[in-house]
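K.L.:
My numbering puts the first residue of the sequence shown at 2, with every later residue one more than the last.
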Amino acid sequence: MQEIQDLKQEIQQIKSDQKDMQRDIRNLETRTTVNEKDIVNINKLLDKISANTTWILRLIVGGLIGAALTFLMKGGGM
2 MQEIQDLKQE IQQIKSDQKD MQRDIRNLET RTTVNEKDIV NINKLLDKIS ANTTWILRLI
62 VGGLIGAALT FLMKGGGM
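1) So, helix, strand or coil for K75, using DSSP?
2) Could you tell me the alpha carbon to alpha carbon distance between T55 and G64, rounded to whole angstroms?
3) As an exercise, report each continuous alpha helix (DSSP H) stretch of at least 4 residues that is fully enclosed by the region 29-73, in chain order.
4) What did DSSP end up calling M2 once you bin it into helix, strand or coil?
5) How big is the Cα-Cα spacing for A52 and N28?
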């Protein structure tokens with residue numbers, strides 16, 4: 002009779018552990034979803050930064066070319 006009680010207690014403990022694991026899995030799924038959304042937002046920000054950097058580089062190169070042409074047109078190379 003004691004063995005049956007022990008088995009019942011063990012089954013209850015296993016069920017409790019299973020519920021805890023399911024709760025942990027749900028928590029992990031939720032955190033993963035939030036992290037995925039954060040990653041998408043970060044990627045969008047990186048794309049914007051990259052686009053801005055490209056335009057800054059274009060402006061700098063354009064300014065240098067303009068300055069060089071102005072210098073050459075005023076006879077600065079002679």
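Glycine included, each C-beta is placed from N, C-alpha and C at the ideal position.
P.N.:
Per the coordinate set shown:
1) As a first step, residue 75 is located in the sequence shown; it is residue number 74 there, counting from the start. DSSP places K75 in coil when its eight states are reduced to three.
2) Counting from 1 along the sequence shown, the entry for residue 55 is found at position 54. Counting from 1 along the sequence shown, the entry for residue 64 is found at position 63. For T55 and G64, the distance between alpha carbons rounds to 14 Å.
3) You should have found no qualifying run.
4) Within the sequence shown, residue 2 is the residue found at index 1, counting from 1. DSSP places M2 in coil when its eight states are reduced to three.
5) Residue mapping note: residue 52 aligns to position 51 of the sequence shown, counting from 1. Residue mapping note: residue 28 aligns to position 27 of the sequence shown, counting from 1. Going from the Cα of A52 to the Cα of N28 covers about 36 Å.
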